[in-house]
Every structure is written in C-alpha cells, then in structure tokens.
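If you're matching them up, the sequences are chains U and B in order.
With the UniProt record's numbering applied, the first sequence closes on residue 595, and no number is skipped along the way.
With the UniProt record's numbering applied, the second sequence closes on residue 595, and no number is skipped along the way.
Every residue gets a Cβ at the ideal spot worked out from N, C-alpha and C, and that includes glycine.
One structure is given here, and the rest of the page talks about it.
2 protein chains.
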Amino acid sequence: MSYQAPVKDMLFNIQHLAGLDALTAQVPAFADYGLDTAGAVLEECAKLTENVIAPLNFEGDKHPSSWKDGVVTTTPGFKEAFRAYAEGGWQGLVHPSEFGGQGAPKTIAAACNEMLQSANMSFALCPLLTDGAVEALLTAGSDEQRRVVIPKLLEGAWTGTMCLTEPQAGSDLALVRTRAEPQSDGTYKIFGTKIFITYGEHDMAENIVHLVLARVAGAPEGVKGISLFLVPKFMVNADGSLGGRNDAHCVSIEHKMGIKASPTAVLQFGDHGGAVGTLIGQENRGLEYMFIMMNAARYGVGIQGIGIADRAYQKAVTYARDRVQSRPVDGSVAGSAAIIHHPDVRRMLMTMRALTEGCRAMASTAAAAFDAAHHHPDADARQQNQAFYDFMVPLVKGYSTEMSLEVTSLGVQVHGGMGFIEETGAAQYYRDAKILTIYEGTTAIQANDLVGRKTTRDGGQLARGIASQIEVTEGELARRDSVAAHAVLKALRASRQDFLAVVDFIAGAAKANPNAAYAGSVPYLMLAGNLVAGWQLARALLAAEDALATDKAFMAAKITTARFYAEHILPRTASLRAAIVDGAHSVTELALDAF
Amino acid sequence: MSYQAPVKDMLFNIQHLAGLDALTAQVPAFADYGLDTAGAVLEECAKLTENVIAPLNFEGDKHPSSWKDGVVTTTPGFKEAFRAYAEGGWQGLVHPSEFGGQGAPKTIAAACNEMLQSANMSFALCPLLTDGAVEALLTAGSDEQRRVVIPKLLEGAWTGTMCLTEPQAGSDLALVRTRAEPQSDGTYKIFGTKIFITYGEHDMAENIVHLVLARVAGAPEGVKGISLFLVPKFMVNADGSLGGRNDAHCVSIEHKMGIKASPTAVLQFGDHGGAVGTLIGQENRGLEYMFIMMNAARYGVGIQGIGIADRAYQKAVTYARDRVQSRPVDGSVAGSAAIIHHPDVRRMLMTMRALTEGCRAMASTAAAAFDAAHHHPDADARQQNQAFYDFMVPLVKGYSTEMSLEVTSLGVQVHGGMGFIEETGAAQYYRDAKILTIYEGTTAIQANDLVGRKTTRDGGQLARGIASQIEVTEGELARRDSVAAHAVLKALRASRQDFLAVVDFIAGAAKANPNAAYAGSVPYLMLAGNLVAGWQLARALLAAEDALATDKAFMAAKITTARFYAEHILPRTASLRAAIVDGAHSVTELALDAF
C-alpha cells in the first residue's frame with residue numbers, strides 16, 4: 001500500500017488536543033459526533049483514500065490533465081474516483097444537513113481532508129475549491145443560489161472554482177479588470193480573462209460554477225469596487241436542470257512543475273457576447289465574500305502541506321527500511337545495514353515526522369477553535385475561539401506549507417540518487433509541494449496578515465495571550481518528573497520568550513518603521529508557527545504520559561517525537577528572533593541598482 | 001541576456017580573499033597569472049558562457065538528451081557549444097601545459113567553472129567529469145595512459161566518466177561487484193553493470209574514456225579489493241587513433257527530475273565477451289585514486305551549487321524589478337509598485353544574494369589553499385594549506401549545495417504563481433539543484449568526512465585552528481568604527497563560539513558514543529559552512545571598507561551583503577548548536593517499528 005492514513009495519530013489529536021468530547025457536550029448539533037463516530041468516519045475515509053485515490057497519484061503525474069479544443073480531459077481514473085468520493089458523501093461532510101451535508105465538525109473533517117491530500121493532492125484540489133464555493137454561497141448567496149447550487153455541489157454533480165487572478169492582478173486584487181455589465185433581467189454580463197483557475201475546466205462533473213471577481217461600471221477604484229458573481233459553465237434552469245453553454249471558455253491550461261493532474265485553466269469570459277452571471281450578495285462587497293472562501297481555502301492549503309509531508313515521510317521510511325548501504329557507525333551491525341540504522345537517516349526521518357506531527361497537532365487545535373467559534377453556546381467563548389482561529393490561519397497555511405518544502409526535500413534526500421529518478425515517486429512530492437507556499441496567498445501574504453490584522457492591530461494583545469496559554473503548558477511540564485518533559489519545557493520556554501521579544505519589536509515598529517516590521521514578517525510567521533506546533537506537541541507529550549498505559553508503543557513514540565521537535569526544531573526561533581530584532585536595517589539597505 | 005557573469009565579485013574575491021598576488025609572487029609557475037591576466041581570462045570566459053552556453057540551458061530542459069538503440073543524442077546545440085568550449089582551451093585551463101593545458105591556478109579556474117555552471121549545469125557536467133578523469137590519470141596513470149589520453153581529453157576530442165555506482169552499491173562502494181579478469185597481454189576484461197553514469201554516452205566527442213571501479217578475482221573483500229580501470233568506448237591505438245568498438249554499451253538513460261540535458265547512463269560492460277580495460281596504478285588501490293577524482297569533483301559540485309544559486313538570483317532580481325503588485329507598506333509609492341519595493345521580496349533577494357556570495361567567497365579561499373598546497377615552495381605552507389583545503393572540501397560541497405536548495409526555492413517564491421509555470425524557467429533551477437546534495441556523496445557523506453577524517457581524527461585540532469583564524473578577523477573588525485563591522489563582529493563571535501562548543505562535543509563523543517557524534521554530523525557541517533562563509537564575508541567587509549574609494553557602489557553593496565549575512569544567516573548556528581549538543585538522544589531513540 002502506498003499510503004496508510006495515520007488514523008491513530010489523528011484520533012489522538014482530536015481527543016487530547018482538540019478536545020472533541022467537550023465540543024460535543026457543549027454543542028447540541030455535534031452531539032452525534034463523539035469520539036466513536038470520529039473513529040468510524042476516519043476509518044471509512046482511510047479506506048477510500050488508501051485504496052481508491054492514493055493509487056492514482058503517480059498516474060496523475062505521468063498522465064496529467066490535457067487540453068484540446070477547449071475540453072480538458074483528466075487523468076484516467078479520476079472521474080470514477082471523484083464519483084466514489086461524492087457518493088460516499090465526503091463533499092458534504094462539513095456542510096449543513098439542510099443542503100444535503102453531514103454537518104460534521106471541522107475537527108473531524110480536517111483529518112479526513114488531510115487523508116485526501118496525502119492520497120492525491122492534485123485530485124483533492126477539486127473538492128477543496130468546491131468547499132470554498134459552498135462557504136461563500138452559504139455566507140452571501142441568495143436563497144435561490146443556495147437552494148439550487150449548494151445541493152448540486154455537495155452531491156458532486158457540480159464543482160466550484162475561485163476566479164480571482166488575472167495576468168496583471170495576482171496578489172494585488174486592486175488591479176482586477178474583469179467587467180460586469182448589469183442586464184435588465186437582473187443578471188450581469190461578464191467580460192475578462194482569469195488565469196491560474198484550479199479545475200477551471202474538467203470532465204469530472206456535469207457542471208462547474210465559477211465564483212468570479214469583477215467590477216461593475218462606476219464602481220470605486222481598487223478593492224472596494226470589486227463584486228462577486230456566480231457564473232456557471234452551463235446555464236441553470238430554475239429547477240436545477242442544465243441549459244445551454246455559457247460564454248465562459250477554457251482557452252488553455254498551464255504546464256506546471258507539479259500538481260500536474262490538476263488542470264490550471266486560463267478562462268475567457270465573454271468573448272462571444274458576454275458570460276451570464278448572477279451577483280452574490282451585494283455589489284462592491286466581493287472581496288469580503290472572497291475572503292470567506294479564501295480563509296477556508298488557506299486552512300485547507302495548510303492541510304495540503306501536512307498531507308504531502310506525511311506521504312513523503314511514509315515513502316522515505318519504507319525506503320530506509322529496505323535499502324542496505326554501509327555499516328552503522330556504532331558497530332551494531334557487522335556488515336552493511338538498512339540505512340534506517342544510520343544516525344543521519346534517522347535525523348532526517350525524525351525531522352520529517354516531527355514537523356508533520358507538529359503541524360497536524362496545530363491544525364487540529366485550530367479546527368477545534370473554528371468549531372467552537374461557530375457553534376459554542378457562549379458568545380464570549382465564540383469570540384475568543386474566533387480570535388484564536390484567526391491567529392492560527394496564517395500559521396497553519398504559512399508554516400505547514402513551508403515545512404512541507406523541507407520535508408519533501410528530505411524525502412528525496414533519504415532516497416539518495418534514486419530520489420532524483422522520477423520513477424521512484426519521491427521527486428513528485430518535492431515538485432508538487434512547491435505550489436503550496438504560493439497559492440491562496442504566498443507565505444509573505446500570510447505573514448502580512450499575521451503582522452497587520454493579527455498582531456499590530458491590537459498592539460500584540462492576542463499574541464501575548466497565546467504566549468500566556470503556552471506558559472500554562474510550561475507549568476504543567478514543570479510538574480512532571482520525566483527527562484522528556486523537562487527537555488521540552490526548556491526549549492518551549494526559550495521559544496516563547498523569543499516570540500514575546502519579536503511581538504514587542506513588531507508591534508513597536510509597525511507605525512514608526514513599517515519596513516522594519518514587515519522585513520521580519522515571514523521570519524515572525526515561521527517563529528510563531530514553529531512555537532505553536534511545538535506547544536501542541538508539548539501538550540501531546542503531557543497527554544501521552546498520562547495515557548502511557550493504554551497504548552505504550554504509540555504513546556512512547558509521541559513522547560520521543562515531541563522531545564525531538566523541542567530539541568531540534570524549536571531552537572530555530574533563536575535565529576529568527578535575532579534576524580528580526582537585529583537585522584531589519586540590512587534587509588532594505590542595499591541600493592536598488594546594486595542588485 | 002539571461003545570465004551575466006559576476007566578474008567583478010569574482011575578481012574581488014580573487015584579489016582580497018584568495019590573495020592571488022601573494023600566490024603568483026611565491027609560485028614561479030603562476031608568475032603569468034596575476035590579477036590582470038585573471039581579469040582577462042574571466043572576461044573571456046564570461047563572453048563564452050553568457051552568449052553561447054547560457055542560452056542552451058532552458059533548451060536542454062525542454063529537449064533533454066535522448067536514447068535510442070544504444071545511441072544518446074544530446075540537446076540541439078550542445079555539440080557545437082562543446083566544440084567552442086574545447087577550442088577556447090577551457091577544458092585544459094587548470095591542467096599542466098605539458099599535456100596541452102594552460103596551467104592556471106584553481107583560484108582562477110574555479111571562477112570560470114562557476115560561470116559555466118551558472119550558464120548551464122547540465123552541459124557543464126561533461127567537462128566536470130573530464131576534469132576528474134584527468135586528475136586521476138595525472139596521479140596514478142601510466143606514462144602511456146597519460147601521454148595518449150590526457151591530451152585528447154584536454155582538447156575535447158574525448159571526454160571522461162566516473163563509473164562507481166552499481167544498483168546495490170551507491171554510497172557503499174564496498175558492495176561493488178563489477179569484475180576484472182586479467183588477460184595474458186596485460187589488459188583486463190571487465191564485466192558488470194554501472195548506473196548513474198553522467199555523460200556515460202553522448203554525441204559531443206569522438207571517444208569516451210570510462211574510469212571503472214572493479215574487483216580482480218581473489219582481491220580482498222570490501223573497499224580494499226577495488227581496482228581502477230581505464231575502459232574506452234572505442235579502442236585506442238598506440239598513436240592515439242581509434243580502433244574498434246569496445247564492449248561497453250549504454251543500455252538506457254534515466255528519466256530525472258532535473259539536469260535533464262545531462263544523460264545519466266546505465267552502462268553494461270562485457271555482455272559480448274568482455275570490455276577491454278587497462279589498470280590504472282596498482283591493483284586494489286582503486287578507491288584511493290577514485291578519491292582523487294572525487295575530491296576534485298566534490299569541490300566542483302560545490303561550485304555547481306554556487307553557480308545555480310547565482311543564476312536563480314539573477315532571474316529573481318529581474319522579475320522583481322518588472323513585476324508590479326501592491327503598494328509598499330511604507331507608503332513610499334502611492335499606487336502599486338514593482339515588488340522589489342516590498343520588504344519581504346527584499347529579504348528573499350538579500351538571502352539569495354548573501355548565501356551565494358558567502359559560498360563563493362568560501363570556495364575562492366579554498367581554491368587558493370589548494371593552489372598553495374600543491375605549489376607553494378615551502379613544505380610547511382603546503383602542509384598547512386592542504387589541511388585547510390581538506391577541511392573546506394566537505395563545506396564547499398555540502399553547505400554550498402544545501403544553500404542552493406534554499407536559494408532556488410526562494411527564486412521560485414519571488415516569482416509567485418509564475419514561478420510554478422515551467423515556461424518561466426525558475427522552476428528548472430529548483431529541480432536541477434536537488435541533485436547537488438546527492439551526487440558525489442550526499443550531504444551526510446560529506447558530513448561523515450567532516451566528522452571523521454577532518455575533526456575527530458586529530459581531536460578537533462584543525463577545527464580549533466580555523467576558529468583561531470576567525471578570531472584574528474574578529475580582532476580586525478573590533479578595530480573598525482563602522483556600525484556594519486560591529487554588527488558582523490557580534491554575529492561572527494557568537495557563531496565561532498557555537499562552532500567551538502560543537503567541535504568539543506563531537507570530538508568528545510566520537511569514541512564513547514559515535515551515534516551521538518554522527519547524529520549531529522549534518523547540522524555540524526551546516527554550522528561550519530555557515531560560519532566559514534560568514535567569516536569570508538567578514539574579511540570581504542574589511543577589504544571593502546579599505547577599498548571604498550575605488551568603487552563606492554560595489555564596495556558599499558559588499559558591506560551591506562556581509563552585514564545581512566551576519567545578521568540573518570550566521571545566527572542559525574545557535575539553533576544548530578542546540579540541536580547537536582542537547583538533541584543527540586532523541587535522534588535515535590524512536591523504536592524502529594514505531595516509524
């Protein structure tokens with residue numbers, strides 16, 4: 001089997017870090033989603049992803065989606081796999097039951113999503129984008145739009161896209177030029193070119209609904225004049241049946257370094273008279289709605305990072321057990337041994353493992369905060385959880401994806417020369433992962449969000465509150481008598497202090513010297529992500545020590561992994577702190593013509 | 001122009017860090033290679049690489065070498081470019097004049113090699129391997145082998161290969177199984193399969209000489225029973241003319257993630273009666289000779305890392321100047337600006353620049369030590385320089401190539417979504433670079449060399465000697481009154497102390513607890529490489545301050561780059577020290593079946 005879903009680790013997080021029991025006790029709508037149900041859902045998802053979807057991953061790289069005369073044909077097998085996915089009800093897992101969904105907590109759905117991403121990131125992008133479209137329609141769609149479109153999306157008959165980017169407008173949506181012209185029947189005609197549209201055209205569903213950012217004539221300049229439109233590939237009748245072809249056409253797909261099975265479309269709207277669209281919500285509030293999709297998608301992309309990291313880790317472990325090369329340095333084996341016996345191979349595998357488990361733990365905790373923020377009966381609890389979740393989104397997206405570059409690179413490295421040969425499969429993860437730090441907002445965009453909206457806007461108050469929570473965990477570690485707990489305590493305390501120093505620096509510099517604050521933005525994101533992931537593994541260590549008797553091998557491994565993370569990964573915060581606090585000047589000092 | 005050779009920076013290093021003037025004054029054979037000559041040679045090399053070889057790089061990725069019926073056809077244009085390279089005398093640049101070479105110091109040749117690697121890494125591998133073959137023949141070849149073969153290699157009529165790897169013998173050459181059977185005429189018949197043979201077959205030269213590791217019947221087990229053989233593709237008559245086809249055939253080439261234009265051959269020796277080879281040097285000393293090739297090649301692979309990093313940097317700078325997106329955070333531009341105005345883009349470009357210049361400075365200093373080690377009139381000076389060079393080789397190879405992964409990744413990142421599209425060209429560098437940390441010995445193999453032969457064998461004496469030299473530079477920095485010098489001093493001192501702590505730890509642990517010493521091997525290599533590169537940039541800062549009046553813009557940029565390196569890169573040593581000294585236990589603690 002090429003992929004084994006880490007169900008046990010996911011359930012451990014859901015139980016001990018996300019605290020599913022407390023959530024289900026507090027939220028009546030989740031009453032049916034206790035740990036037993038979570039276990040059953042995860043096992044079912046594991047079967048589908050391991051057996052049906054994972055085997056198509058390498059195929060997708062060898063036989064990418066192809067374009068001919070406006071039609072995109074996906075990798076053989078994708079269509080059938082998407083049918084199986086939809087029929088299993090997975091597209092509706094996290095969405096409301098009134099539209100045909102399962103209404104499951106994100107705490108559970110995020111774990112299922114990780115499996116899907118591990119199994120096949122190119123494939124999984126289609127459901128990920130559809131989830132975003134559903135979120136946007138739930139928030140801002142008209143009753144009609146919701147009633148007609150959402151059930152089709154949840155049953156996998158249709159899929160959704162996000163059409164933001166244009167050739168001149170990538171990260172900078174103020175530059176969007178696509179036009180929307182109001183028609184007498186209340187619809188709009190859309191004209192423009194959108195690029196980088198994931199699954200903008202494909203053959204896996206009978207219709208595609210494009211969520212398109214465009215400007216209505218006379219709208220304000222910049223991002224305040226952007227509206228969001230629903231533009232279907234095929235027109236939709238009132239009863240949901242399909243009408244004629246809309247004027248939205250895929251003119252080409254991109255030739256990419258990775259995620260080759262996922263068609264990245266150039267879409268032309270309105271070249272033949274205008275694409276018919278309907279407004280979502282109100283005019284000029286498009287960016288606000290798009291951010292709803294984007295925040296869901298950003299968290300989802302973070303999960304992609306964790307998913308691909310785990311897949312790369314599993315492959316590397318398998319190779320390291322099999323490949324025999326050289327004698328161990330400690331003389332424990334007389335002849336050549338499997339390379340997993342060599343300390344540096346162990347260091348690489350442990351680094352891959354610790355980063356993956358750390359980010360998974362962080363994402364699981366963030367998902368629980370999302371659920372509480374949306375469903376907790378107490379308004380204060382909702383507000384606090386929302387603030388925590390908002391802080392987590394750039395970390396889950398930014399840190400988990402950056403770490404996936406490191407993990408997939410180590411994955412190739414463990415394979416040695418074989419890793420560079422495409423037939424081995426390790427190289428695909430390295431190529432695929434590189435998109436993750438770019439789309440749905442580059443790491444720098446996430447870091448701007450972290451510095452601006454999440455840190456300096458409240459003068460660092462929320463950030464310091466998180467540090468206080470970490471201090472509580474330190475207190476618990478201090479009361480343990482294990483060597484591991486004290487090793488973790490030492491590293492966690494030092495990293496928390498690094499974090500606080502940086503928060504003070506960034507909050508202090510934000511107004512007087514914004515260049516200095518933003519020069520340290522990505523290092524700050526990496527520091528904060530590292531710390532929060534390490535903190536969650538510290539909490540995991542506490543839980544594992546308590547539960548040692550229940551499953552000794554698993555809990556002991558968790559303790560070792562947490563300790564490895566604390567000793568090898570957490571100390572990176574010291575370097576980042578130094579760079580941020582001492583190094584802002586030299587970032588922007590070089591004369592422009594000296595580059 | 002897609003590549004501009006950094007001639008000025010190279011000459012700065014050659015003058016101020018490598019000290020070419022002192023070398024030419026001391027070594028009569030180098031008397032003609034003063035700074036003026038160096039400048040002329042570099043300018044000439046720049047023309048060839050920029051105009052002829054660089055334009056073929058992207059072509060090579062699009063139209064890789066292909067195999068059909070045992071024949072390998074290289075990318076269109078490669079053959080002519082190789083002719084131009086050979087006719088310019090570049091293959092002989094560093095080799096002795098008695099065989100038709102130019103006898104130039106490595107200090108100059110290394111800079112030329114960097115240009116070649118920047119221009120086209122896939123192309124440049126062919127000359128790189130030929131250099132290795134020349135080195136081995138110079139050291140251990142018979143008079144006949146040297147007389148007949150070396151001139152052909154230097155004029156580019158023939159090329160050379162290194163045939164080490166077999167399917168079961170990658171890093172572990174003890175497992176080599178290829179056999180050599182002595183014949184009555186003094187030759188040997190060779191039987192076996194070699195894989196991963198760079199330019200093992202191609203159409204750029206009239207003959208190929210394979211340097212092949214094989215075992216003679218009855219030889220000792222393991223690496224002490226390996227001999228080195230010269231096996232030509234076409235048999236060679238005494239006058240150097242070509243005879244019939246030898247029984248060495250390319251049965252396939254690999255499908256790789258990068259360096260696609262460079263054919264990576266599977267060679268079958270002796271399937272049709274035996275490939276005829278002649279012994280190089282003495283039986284059973286093959287590994288020793290191969291290490292001569294390998295040490296030359298390892299340094300060369302380090303240069304590849306620097307070369308590809310510079311190319312990625314140049315491309316990213318060009319894009320960052322052109323691409324307009326978003327307002328600068330400091331409000332310096334009212335509307336959207338070129339992204340080079342954004343602090344995080346600057347941070348990425350400065351990181352790329354500082355890593356590249358730091359590694360270039362380190363490599364230049366190492367080359368000077370090589371030249372002095374081989375040619376200095378004083379035996380003590382030769383010995384000291386050899387020891388220094390030996391310490392540098394794993395750093396130049398290991399650190400420069402690992403940093404090239406970071407730099408090429410940042411290069412894609414600067415391009416945003418466009419970076420992931422193959423037509424842009426940034427992705428190619430990311431894919432190409434990944435081989436560098438693997439071939440000619442993985443980073444772990446370099447680190448084993450650093451820990452074993454270079455550090456623990458003399459109890460850390462050589463390493464501490466290098467730290468003392470760094471302390472001398474710190475003393476000079478302390479006597480300056482610039483802010484930059486003091487910023488560099490602070491970081492350099494801290495990193496040197498980190499280095500010393502780690503040397504003590506590793507030298508101390510080596511015997512009692514080899515797993516602990518080797519668990520920190522790669523982090524130690526990264527720490528040492530980081531420190532030495534930062535040290536050389538500190539020396540560069542001192543020289544630039546002294547020479548500020550001669551070329552203000554260049555020298556000011558050098559000072560800023562050195563300071564950036566010190567503030568942003570050097571502090572990483574703190575994290576590495578912590579991981580090595582505190583973290584050895586958790587590297588190997590996890591039970592094997594828990595992975």
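Just the Cα atoms here: how many angstroms apart are residue i and residue j?
i	j	result
U:Q386	U:P76	42 Å
U:A18	U:I280	34 Å
U:E98	U:P28	16 Å
U:V134	U:F269	22 Å
B:I303	B:M1	22 Å
B:A381	B:A373	7 Å
B:A169	B:Y33	42 Å
U:M403	B:F499	26 Å
B:E406	U:A157	42 Å
U:G274	U:I253	21 Å
B:F564	B:L570	9 Å
B:G132	B:H95	11 Å
B:T443	U:V72	42 Å
U:G494	B:A334	Checking the displayed sequence, the identity of residue 494 of chain U turns out to be Ala instead of Gly. So the two alpha carbons sit approximately 41 Å from each other.
B:C126	B:N207	13 Å
U:D449	B:Q102	57 Å
U:Y439	U:L11	29 Å
B:T178	B:C112	36 Å
B:A205	U:A54	45 Å
On the DSSP bridge assignment, give the partners of residue i in chain order.
i	result
B:V52	Note: B:V52 sits in no beta bridge, so no partner.
U:F229	U:V212, U:L279
U:R179	U:F191, U:R215
B:V488	Answer is none; B:V488 lacks a bridge partner.
B:R245	B:F234
B:I253	B:A265
U:W158	U:N207
U:I197	U:A265
Between which two residues does the alpha helix (DSSP H) containing residue i stretch?
i	result
U:L287	286–322
U:L410	379–414
B:H375	343–375
U:E589	Unbroken run through U:E589: none, as it is neither H nor E.
U:A24	Note on identity: in this sequence residue 24 of chain U is Thr, with Ala being the wrong assignment. Where U:T24 is concerned, the enclosing alpha helix (DSSP H) stretches over 20–26.
B:F139	Position check: residue 139 of chain B holds Thr in this sequence, whereas Phe was assumed. That run of the alpha helix (DSSP H) goes 121–140.
B:L164	Careful: B:L164 lies outside any alpha helix (DSSP H) and carries neither H nor E.
U:K8	7–12
Using a Cβ-based criterion (distance less than 7 Å to any ligand heavy atom), does residue i qualify as near the ligand MN?
i	result
B:I259	As for the ligand MN, it is missing from this structure, which has no ligand bound.
Threshold first: 4 residues or longer. Then list the alpha helix (DSSP H) segments lying entirely within the region 418–484 of chain U, N to C. 426–433, 443–451, 461–478
Taking beta-carbon pairs under 7 Å, can you tell me which members of the region 264–278 of chain B lie near chain C? Absent from the structure: chain C. Protein chains present are U and B.
Check whether the region 397–406 of chain U touches the region 526–545 of chain U, counting contact only when three or more Cβ pairs, one atom from each stretch, lie closer than 8 Å. yes
Could you say if the region 189–207 of chain B and the region 158–165 of chain B meet the contact criterion of at least three C-beta pairs nearer than 8 Å? yes
Going residue by residue through the region 37–103 of chain U, where are the continuous beta strand (DSSP E) segments of at least 3 residues, counting only ones entirely within it? DSSP assignment within the region 37–103 of chain U yields the following whole beta strand (DSSP E) runs of 3 residues or more, N-terminal first: 66–68, 71–73.
How about the region 576–585 of chain U and the region 488–507 of chain U: do they share at least three Cβ pairs that are nearer than 8 Å? yes
Residue ranges of each alpha helix (DSSP H) run of no fewer than 4 residues wholly in the UniProt domain "Acetyl-CoA dehydrogenase-like C-terminal" (484–590) of chain U, ordered along the chain? 514–519, 521–546, 552–564, 572–582, 584–588
Cβ contact check for the region 412–423 of chain U and the region 280–299 of chain U: 3 or more pairs under 8 Å: no
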